[in-house]
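In my numbering, the protein residues as written are 3 to 118.
Here's the structure we're looking at; comments come further down.
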Ligand SMILES: [Zn+2]
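Laid out in structure tokens, this is it:
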């Protein structure tokens with residue numbers, strides 16, 4: 003069951019174990035506490051700057067095209083885990099950008115995730 007998307011802090015805390023389970027093994031080994039931080043645990047120039055969610059590498063809206071390609075490669079064969087990770091990011095961006103249109107954020111964070 004997918005928890006309802008909300009800005010509620012308690013709901014985000016509830017999602018933290020799901021997010022940790024969704025992380026690739028190498029990120030879990032890094033022992034990153036709490037919900038996933040797009041700027042931590044992964045070596046990339048294309049990390050998210052919060053709360054604006056712009057890319058550190060190219061200043062595009064995160065995840066930029068390069069980061070999407072990196073994430074697709076990192077989660078190769080694990081589209082459900084990638085989807086869970088992006089859902090957590092979606093919840094976080096929804097809290098950081100409360101006036102953004104949900105449909106636009108959905109397409110930006112989840113609309114590009116496809117099974118191979
Ligand atoms: Zn970028």
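Even glycine gets a Cβ: it sits at the ideal position worked out from N, Cα and C.
Here the structure is a predicted model, which is why all the values come from computation and not from measurement.
Within 9 Å, strictly: CB atoms of residue i and residue j
i: residue 102; j: residue 95; result: yes
i: residue 54; j: residue 72; result: no
i: residue 86; j: residue 76; result: no
i: residue 107; j: residue 89; result: no
i: residue 69; j: residue 59; result: yes
i: residue 63; j: residue 56; result: yes
Contact test: residue i Cβ vs ligand 1 heavy atom, cutoff 8 Å
i: residue 47; result: yes
i: residue 64; result: yes
i: residue 91; result: no
i: residue 74; result: no
i: residue 54; result: no
i: residue 103; result: no
i: residue 110; result: no
i: residue 69; result: yes
Range covered by the alpha helix (DSSP H) that runs through residue i
i: residue 98; result: 81-98
i: residue 77; result: It is not in any alpha helix (DSSP H) - residue 77 carries neither H nor E in the DSSP assignment.
i: residue 105; result: 104-111
Buried versus exposed call for residue i [16 or more other C-beta atoms within 10 Å across all chains shown]
i: residue 65; result: buried
i: residue 49; result: buried
i: residue 116; result: exposed
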